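Here the structure is laid out as structure tokens; the discussion comes afterwards.
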């Protein structure tokens, strides 16, 4: 697929998204929940590729997330032990 095709598809997608948002405004709490869910999903996906040191750093990033996602995140994560 050509780069121009990808850019054109992206522009079309963004235009559709903008039109949908104008017809169906989303509440800020709903947006916030989607952002938090997306962040958590990304964190879960990269866990499979990380070394122990990288997991330690990831745990730090997860601690920065709002506490509303904390319980769900911790139950989804494999138990990790870190060297002292």
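In our numbering, the protein residues as written are 1011 to 1094. All residues carry an ideal CB built from backbone N, CA and C; glycine is no exception. Nothing here was measured: the structure is a model prediction, and the numbers come from that model.
Which residue marks the beginning of the alpha helix (DSSP H) containing residue i, and which one marks its end?
{"i": "residue 1023", "result": "1013 to 1033"}
{"i": "residue 1061", "result": "Premise fails: residue 1061 is in no alpha helix (DSSP H) and is neither H nor E."}
Would you report the Cα separation of residue i and residue j, rounded to the nearest angstrom?
{"i": "residue 1076", "j": "residue 1029", "result": "30 Å"}
{"i": "residue 1033", "j": "residue 1040", "result": "16 Å"}
{"i": "residue 1062", "j": "residue 1021", "result": "40 Å"}
{"i": "residue 1055", "j": "residue 1071", "result": "14 Å"}
{"i": "residue 1064", "j": "residue 1046", "result": "21 Å"}
{"i": "residue 1025", "j": "residue 1051", "result": "25 Å"}
{"i": "residue 1042", "j": "residue 1014", "result": "32 Å"}
{"i": "residue 1094", "j": "residue 1023", "result": "Its pLDDT being 44, under 50, residue 1094 is placed unreliably in this model, and the value from its coordinates should be taken loosely. Roughly 48 Å separates the two Cα atoms."}
{"i": "residue 1068", "j": "residue 1027", "result": "31 Å"}
{"i": "residue 1058", "j": "residue 1012", "result": "31 Å"}
Is there a Cβ from chain D that is less than 8 Å from the Cβ of residue i?
{"i": "residue 1052", "result": "In the structure shown, chain D cannot be found, because there is only a single protein chain."}
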